[in-house]
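Novice: These protein sequence lines are chains X and W, in that order. Residues 1 to 115 in the numbering used here are what the first sequence lists, from first letter to last. Residues 1 to 114 in the numbering used here are what the second sequence lists, from first letter to last. If you scroll down you'll find the structure; I have some questions about it.
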Amino acid sequence: NAGVTQTPKFQVLKTGQSMTLQCAQDMNHNSMYWYRQDPGMGLRLIYYSASEGTTDKGEVPNGYNVSRLNKREFSLRLESAAPSQTSVYFCASSLIWAGGLNEQFFGPGTRLTVL
Amino acid sequence: GENVEQHPSTLSVQEGDSAVIKCTYSDSASNYFPWYKQELGKRPQLIIDIRSNVGEKKDQRIAVTLNKTAKHFSLHITETQPEDSAVYFCAASRDGGSQGNLIFGKGTKLSVKP
Chain X
1 NAGVTQTPKF QVLKTGQSMT LQCAQDMNHN SMYWYRQDPG MGLRLIYYSA SEGTTDKGEV
61 PNGYNVSRLN KREFSLRLES AAPSQTSVYF CASSLIWAGG LNEQFFGPGT RLTVL
Chain W
1 GENVEQHPST LSVQEGDSAV IKCTYSDSAS NYFPWYKQEL GKRPQLIIDI RSNVGEKKDQ
61 RIAVTLNKTA KHFSLHITET QPEDSAVYFC AASRDGGSQG NLIFGKGTKL SVKP
């Protein structure tokens, strides 16, 4: 099992450019998440998908969109990148959304720099 | 919504000493409290968790305690080793509803000096 995979690992964008971060899991998990991690800020939830076919905003959704393509894949899109979106992005998945069975497994992260 | 505060933000101990990291939460309905460890440049990984019907849980050198009345929980690491050096995150969540997501603390950077 590969677990949770993310592409790309590193990316540099110019202000205004767009890009999509890809995430896939092979654990047959129902729930998937996108976080951003900034120094001293911990992990902040951008969007989540409690189950296939549903997506919801997290704590910091502005400037992002998501697509739950199927049960395995959950993508994050930056339509017009801004320097404030420079961060490390983690995708995660869990068996279910809540109920104490929501141990989250994280991908390796994408380090994004917006110039 | 839920708010999780974590202290201290940095912690330095000598190898073999104990380390304690504390978190407080605001939502009395929260009932699941995991701890994640993130080594430098790596992904966060679950190291231990506790549910609200349990007061303490141990796994070798790691233990977590929960005080529901005071709404705080703590991570205890005994006999620390250099490989324990990492950033530790606490989190809280509750079953169902709009608050099923994990809410993370801001993290504690633990340094274990040989």
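Ideal Cβ positions, reconstructed from N, Cα and C, are used throughout, including at glycine. These numbers come from a predicted model, not from an experiment.
1) Taking 8 Å as the CB-CB cut-off, is P8 of chain W touching chain X?
2) Please identify the residue among X:G107, X:Y33, X:S93 whose C-alpha is closest to the C-alpha of Y64 of chain X.
3) Do three or more CB pairs link the stretch 19–27 of chain X to the stretch 93–112 of chain X at distances below 8 Å?
4) Anything in chain W within Cβ reach of M27 of chain X, meaning under 8 Å, just list it in chain order.
5) Examine chain W for any beta-carbon lying closer than 8 Å to the beta-carbon of M41 of chain X, and answer yes or no.
6) Please list the segments of the beta strand (DSSP E) lying wholly inside the stretch 48–86 of chain X, counting only runs of 3 or more residues, in order along the chain.
7) Run through DSSP, which three-state label would P82 of chain W get?
8) Helix, strand or coil for V54 of chain W? Go by DSSP, reduced to three states.
9) For a contact meaning CB atoms closer than 8 Å, what does F89 of chain W contact in chain X?
10) Is the beta carbon of R72 of chain X sitting closer than 8 Å to the one on T55 of chain X?
11) Name the two residues that bound the continuous beta strand (DSSP E) containing T65 of chain W.
12) Would you list the one or two residues that DSSP bridges to E15 of chain W?
13) Distance cutoff 8 Å, beta carbons only. Does G16 of chain X sit that close to anything in chain W?
14) Between L78 of chain X and the rest of its own chain, which residues show a CB-CB distance below 7 Å, the 5 nearest in sequence each way excluded?
15) Compare the C-beta of D49 of chain W against all C-beta atoms of chain X and say whether one is closer than 8 Å.
16) Grab the span of the beta strand (DSSP E) containing R36 of chain X for me, first residue to last.
17) Would you mind reading off the limits of the beta strand (DSSP E) that contains W35 of chain W?
18) In whole angstroms, what is the alpha-carbon distance linking L13 of chain X and Y35 of chain X?
19) Using a Cβ distance threshold of 8 Å, determine whether the stretch 12–25 of chain W contacts the stretch 59–74 of chain W, with at least three qualifying pairs required.
Specialist: With the structure as the only source:
1) By one-based count along the second sequence, residue 8 of chain W stands at place 8. Closer than 8 Å: no.
2) Here residue 64 of chain X refers to the residue found at position 64 when the first sequence is read from its first residue. It is X:Y33 whose Cα lies nearest to the Cα of Y64 of chain X.
3) yes
4) Here residue 27 of chain X corresponds to residue number 27 of the first sequence, with the count starting at 1. Residues of chain W passing the Cβ test: none, with the nearest at roughly 14 Å.
5) Position 41 of the first sequence, counting from 1, holds the residue named residue 41 of chain X. Taking Cβ atoms only, chain W reaches closer than 8 Å to M41 of chain X, which makes this a yes.
6) 64–68, 74–78
7) Here residue 82 of chain W corresponds to residue number 82 of the second sequence, with the count starting at 1. Helix, per DSSP.
8) Counting from 1 along the second sequence, the entry for residue 54 of chain W is found at position 54. In this structure, V54 of chain W counts as coil in the three-state DSSP scheme.
9) The count along the second sequence starts at 1 and reaches residue 89 of chain W at position 89. Near F89 of chain W (Cβ distances below 8 Å), the residues of chain X are G42, L43.
10) Here the question's residue 72 of chain X lines up with position 72 in the first sequence. Here the question's residue 55 of chain X lines up with position 55 in the first sequence. No, they are not a contact pair.
11) Within the second sequence, numbered from 1, the residue matching residue 65 of chain W stands at position 65. Segment 62–67, the beta strand (DSSP E) holding T65 of chain W.
12) Looking up residue 15 of chain W in the second sequence gives position 15. None, per the DSSP bridge assignment.
13) As a working note, residue 16 of chain X is residue 16 in the first sequence. No, no contact with chain W.
14) Walking along the first sequence from the start, residue 78 of chain X turns up at place 78. Cβ neighbours of L78 of chain X beyond the five flanking positions: S18, M19, G63, Y64, Q85.
15) Here residue 49 of chain W refers to the residue found at position 49 when the second sequence is read from its first residue. Yes, contact with chain X.
16) Here residue 36 of chain X refers to the residue found at position 36 of the first sequence. First-last of the beta strand (DSSP E) with R36 of chain X: 31–38.
17) The residue labelled residue 35 of chain W in the question sits at position 35 within the second sequence. First-last of the beta strand (DSSP E) with W35 of chain W: 32–38.
18) Taking the first residue of the first sequence as 1, we reach residue 13 of chain X at position 13. Taking the first residue of the first sequence as 1, we reach residue 35 of chain X at position 35. Going by the C-alpha atoms only, they are around 19 Å apart.
19) yes
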